[in-house]
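Everything below concerns the one structure shown next.
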């Protein structure tokens, strides 16, 4: 959440946490953008007016410079149609007018996340030439040849290709692949699975995709073309 008013950030954070969300809050666009180099999030709630740059400017940088398509909701006191259109055209998935109301905020967050989940379900084949992942059959092939992966390895591979070019922290990968209740799992488990997956998928320049380890942070799967 990007919100410079500490009181609003606190109350909105409490509402979202009570609805089952995990919330990280930032007061400035610069600190928020720096955090994205360390952490990954499922949704952004961006205030329009900030002390260092507007939430719209932050959103445009996310969509353009960062190539980040994480769902985003813009929050502001601006309720005129032109402002709503500007936010949506800048890449927002939804728009909410302040003052925030608990039930509306939670409902909008849930609605955006449902839409994202629905799109993921509809996409049965994930093409990342020369790789093809069948999300329904849970199979992966390289140049048309099937690769034998365990169920966990396939889940991890699908997650990486679905988040290509995005830095994913080890803690975020643990939560996404192993579940938030598995607090006893060491981050070394992530490293072990990544090493095994890199070898099985033959990730590297020869096949157009490379899996890069980001020092003291996590991993990024990116096209090497």
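Residue numbers (our numbering): -14 to 210. Idealized CB from N, CA, C, for every residue including glycine. Note that this is a predicted model, so its numbers are computed, not measured.
> Taking the alpha helix (DSSP H) that residue 46 falls in, what are its first and last residues?
Replying inline: 40 to 48
> Mind pulling the beta strand (DSSP E) runs of 3 or more residues that sit fully within the segment 136 to 202?
Replying inline: 194 to 199
> What's the gap between the Cα of residue 46 and the Cα of residue 172?
Replying inline: 30 Å
>> Just to confirm, is the Cβ distance from residue 29 to residue 55 under 8 Å?
In response: yes
> Do three or more CB pairs link the segment 176 to 192 to the segment 120 to 131 at distances below 8 Å?
Replying inline: yes
> Would you call residue 167 buried or exposed, if buried means 16 or more other Cβ atoms sit within 10 Å of its Cβ?
Replying inline: Reliability of the predicted coordinates at residue 167 is poor, the pLDDT of 49 falling under 50, and no value is obtained from them.
> For residue 186, does the count of other Cβ atoms within 10 angstroms reach 16, so buried, or fall short, so exposed?
Replying inline: buried
> For residue -13, which of helix, strand or coil comes out of DSSP?
Replying inline: strand
> How would you write the range of the alpha helix (DSSP H) that residue 68 sits in, first residue to last?
Replying inline: 66 to 74
> Where does residue 200 land, buried or exposed, given buried means 16+ other C-beta within 10 angstroms?
Replying inline: exposed
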